[in-house]
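In the numbering used here, the protein residues as written are 933 to 1258. We put the CB at the ideal spot given by N, CA and C, even for glycine. Just so we're clear, the structure is a prediction, and the values are computed from it rather than from any experiment.
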C-alpha cells in the first residue's frame, strides 16, 4: 500500500526578512504543490528519489550518508519516525514537486511538510498540523540559515496567515479575494545567503535596520486591516512601500525591479519582491479585470508570469492515488 501527501508553495505578501528578527509577516499559500509518495520496502533501507533534481539515493544502516540535496528529505523521514518512537523497516519515498526551486516560493518547506505528512500517514502516526510544522523546521534548518518558520507554517496550514515567531498564527480572511500574479526572474539563489547579508547589515547599522523593521511591522498590520476591509488599493500601496524597504536593505535585484515597474505600469495596484530576494520571484496585486495585462507586461520584459490562487487547505495526506494530481 502506498500513501500520498501534497503541500502548497507560499508567497510573502508583506514582511519578509524583518520577520527573522521578530517582526510579523503576512504570507499566503498558493496552488503550486510538492507531492510525495511513500511505499514499503522489503529491505531495511530508505530509498529517496526526487524527480525535480533527477537524483536518488539508497540509505542503509543509520541513513546518515548520501547526496546533500536529499538530506532534508531524509531528515524529514527520520524526524517523523523518531517522533513516533519508530525505526525505519524499509521505505521508498518519491518526491515530485511542481514548485520552482530557489526562487522564494518555499519549495524546500513544502517538500519537507509533504514528506512528513506522507510518512506519518504511511506508518500510522496521527500527527497534528502543529506537529508537522514543528518537525519540518528541522529539515529547513539544513537549507536556510536561521529560518523564520514562516515557510513551513504557511505550507502546513494554508490560507493567508499573520505570522510572528513565538506567537499563535492568525488566519486572515480577505474581502473580496485578491488576485495575485507571480513573476519569476528565473534567477535561482540561496535564501540563507541573503538572510546572512541582512544579519551583517543589522550588526553594522543596527539603528537603521531596527527602524526599517518597525516600519515593516506597521505595514503588515495595516495590510491585514486593509485585506479584511476590502481596501485593495491601500494594500497595493503597502506592497509598494514594503518593496522600498527591501531595496534599502539590499535584497532586491535589477530584474526584480524591472518586473515590479512593468507590473505597476500595466495597472497593478502594488508590486514587490517576495521571499529572500536577490532574484527569484516578485508578486503583483492585480485588479480582477486587468490581471491578464499584468501577466503580459511581466512576460514582456523577460519574466515568467502566472496568476495564482489561494490554497486554503495546507498539507493533505491520503491513500487513494487518484488524488495525487489534484
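(request) Could you tell me the distance, in whole angstroms, from the CA atom of residue 1208 to the CA atom of residue 1106? (result) One C-alpha to the other measures close to 25 Å.
(request) Within 10 angstroms of the Cβ of residue 1100, are there 16 or more other Cβ atoms? Answer buried if so, exposed if not. (result) Under a 10 Å Cβ-count criterion, residue 1100 is classified as exposed, with fewer than 16 other Cβ atoms of the shown protein chains found around its own Cβ.
(message) By the DSSP assignment, the alpha helix (DSSP H) with residue 1179 in it spans what residues?
(response) Counted as a single uninterrupted DSSP element, the alpha helix (DSSP H) harbouring residue 1179 occupies residues 1164–1180.
(request) Just the C-alpha distance for residue 1178 and residue 942, rounded to the nearest angstrom, thanks. (result) Residue 1178 and residue 942: Cα-Cα distance of roughly 18 Å.
(message) For residue 1019, count the other beta carbons within 10 Å of its own beta carbon; 16 or more makes it buried, fewer makes it exposed. Which is it?
(response) Exposed: under 16 other Cβ atoms inside 10 Å.
(message) Starting from residue 1208, trace the beta strand (DSSP E) in both directions and tell me its first and last residue.
(response) In the DSSP annotation of this structure, residue 1208 is not part of any beta strand (DSSP E), being labelled neither H nor E.
(request) Pair every Cβ in the segment 953–970 with every Cβ in the segment 1030–1045, then say whether three or more of these pairs are closer than 8 Å. (result) The segment 953–970 vs the segment 1030–1045: in contact.
(message) Restricting to Cα atoms, I'd like to know which of 1108, 947, 1221 is closest to residue 1175.
(response) The alpha carbon of residue 1175 has as its nearest neighbour, out of 1108, 947, 1221, the alpha carbon of 947.
(message) As a quick exercise: from 1239, 1057, 1181, 989, pick the residue whose alpha carbon is nearest that of residue 1017.
(response) Looking at the Cα atoms, 1057 is the closest of the given residues.
(request) To the nearest angstrom, report how far apart residue 1213 and residue 1145 are at their CA atoms. (result) So the two alpha carbons sit approximately 21 Å from each other.
(request) Take residue 987 and list the residues in its own chain whose beta-carbon comes closer than 8 Å to its own, dropping the five residues that flank it on each side. (result) Here residue 987 has 981, 999, 1001, 1002 as same chain residues with Cβ atoms under 8 Å from its own Cβ, once five neighbours each way along the sequence are excluded.
(request) Inspect the beta-carbon positions of residue 1113 and residue 1226 and report whether they are closer than 8 Å. (result) Note that the C-beta distance between residue 1113 and residue 1226 is below 8 Å.
(request) Over the uninterrupted beta strand (DSSP E) stretch that includes residue 1248, give me the two end residues. (result) Its beta strand (DSSP E) spans residues 1248–1250.
(message) Given a cut-off of 8 Å on the beta-carbon distance, is the pair residue 1217 and residue 1156 in contact?
(response) Between residue 1217 and residue 1156, the C-beta gap is not smaller than 8 Å, which leaves the two residues out of contact.
(request) Locate the alpha helix (DSSP H) running through residue 1004, then write down its first and last residues. (result) Note, residue 1004: alpha helix (DSSP H), 1003–1015.
(request) Could you work out which residue in 1053, 1082, 1054, 1055 is closest to residue 893 when comparing CA atoms only? (result) Lying before the first or after the last residue shown, residue 893 is absent from the chain, which here runs from 933 to 1258.
(message) Within a Cβ cutoff of 7 Å, which residues of the same chain sit near residue 1030, ignoring the five residues on either side of it in sequence?
(response) 964, 965, listed in sequence order.
(message) So for residue 1186, helix, strand or coil by DSSP?
(response) If DSSP states are grouped into helix, strand and coil, residue 1186 belongs with the helices.
(message) Is it buried or exposed, residue 940, if we count other Cβ atoms within 10 angstroms and call 16 or more buried?
(response) Buried is the call here.
(message) Between which residues of its own chain and residue 1252 is the CB-CB distance below 6 Å, once the five residues before and five after are set aside?
(response) None.
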